[in-house]
Amino acid sequence: MSWSTRCFYGPLHEVADPLVLRRVMMRFWSPFCRGLVGPDLHTYDFKKVFDSIRTSDSDFTCQVNGRVGNARLIEDFFLFVLCGFDFVDVKLEKSSTADVASDPCNFRGTYTLAHTRPFLGWIPPRAAHSLGTAATDNKPDVCKDKNVDASGSAEQTSEEKLMISSTRLSVERQTRLLKVSFSARMEGSESGISHIILRSPVIDVIMGSHDCPATLQSCLKK
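Residue numbers (my numbering): 775 to 996.
Put into structure tokens, the structure is as follows:
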């Protein structure tokens with residue numbers, strides 16, 4: 775009877791379970807799934823959540839759209855986004871079995887932004903309702919609770935449902951919405967993520983909006 779052995783090589787950090795990594799990725803985006811709005815990143819408790827899923831500053835590194843840095847680089851990315859926009863939803867794509875088997879560290883998804891504040895001279899359209907209402911009407915996949923009982927909705931009349939639909943349509947028409955894709959790669963373990971690569975063409979999406987002023991486009995290109 776003969777025995778054969780196979781060697782597996784991986785990063786120095788303990789490799790996390792794919793489901794664990796997915797939960798960490800969801801937690802990374804969770805501060806922007808609570809219906810909170812405003813340009814202050816502290817409002818979202820992002821730093822608190824981010825610090826809870828990563829290793830210490832001396833061990834953590836990241837890349838954001840090709841730029842290399844530390845945790846501050848991730849925070850600066852969201853500060854830029856929140857200058858004129860609020861998060862409406864975040865959707866994390868489901869990975870196929872083949873993708874998980876080949877590399878469980880990679881993730882893709884999209885997030886939707888609403889232009890609610892002037893952004894480098896770009897004035898948002900007027901909205902009849904606050905974004906806070908719009909955000910909670912569209913529960914993001916990242917923080918969707920499958921245990922919520924929605925039986926009360928069956929008691930709504932057809933007229934009430936029509937009014938709700940009309941209200942949501944009005945908000946969508948009067949609020950500039952931008953859908954942005956993202957890809958992310960995380961390395962580390964359940965005890966802490968040591969490296970994140972985040973790519974998101976948010977600047978290209980902003981510049982591609984039909985009414986984005988030429989002066990703003992020129993500024994963003996730099």
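Beta carbons: idealized from backbone N, C-alpha and C, even for Gly. Since the model is a prediction, treat every value here as computed from it, not as a measurement.
Could you tell me if G858 is buried or exposed, where buried requires 16 or more neighbouring beta carbons within 10 angstroms of its beta carbon? The residue in question, G858, is buried, as its Cβ has 16 or more Cβ neighbours within 10 Å.
Counted within 10 angstroms of its Cβ, other Cβ atoms place L795 as buried (16 or more) or exposed: So L795 ends up on the buried side.
With burial defined as no fewer than 16 other Cβ atoms inside 10 Å of the residue's Cβ, what is the status of H889: buried or exposed? Around the beta carbon of H889, 16 or more other beta carbons lie within 10 angstroms, which makes this residue buried.
Below 7 Å CB to CB, which residues in the same chain sit around G883 once its five sequence neighbours on both sides are set aside? Cβ neighbours of G883 beyond the five flanking positions: V864, K865, L866, E867 and F956.
Taking DSSP's pairing of strands, which residues face G949 in a bridge? One point to set straight first is that residue 949 is Thr, not Gly, in the sequence displayed. Note: T949 sits in no beta bridge, so no partner.
Can you give, in chain order, each stretch of the alpha helix (DSSP H) that sits fully within the segment 809-855 and has at least 4 residues? Runs of the alpha helix (DSSP H) inside the segment 809-855: 820-827.
Grouping DSSP H, G and I as helix and E and B as strand, with all else coil, what is I977? I977 falls in the helix class under three-state DSSP.
Quick check: what's the CA-CA separation for L952 versus I980? Taking the straight line from one Cα to the other gives about 7 Å.
What's the gap between the Cα of V843 and the Cα of A988? Note that residue 843 is Gly in the sequence shown, not Val. A direct Cα-to-Cα measurement between G843 and A988 gives close to 30 Å.
Among F893, F881, I827 and K821, the one whose alpha carbon lies nearest that of S968: The option with the nearest alpha carbon to S968 is I827.
Rounded to the nearest angstrom, what separates F881 and E961 at their Cα positions? Roughly 12 Å separates the two Cα atoms.
How about R891 and P899: are their beta carbons less than 8 Å apart? Cβ atoms of R891 and P899: not closer than 8 Å.
Return yes when the C-beta of Y818 is under 7 Å from any heavy atom of the ligand MN, and no when it is not. In the structure shown, the ligand MN is absent, as is every other ligand, since no ligand is present at all.
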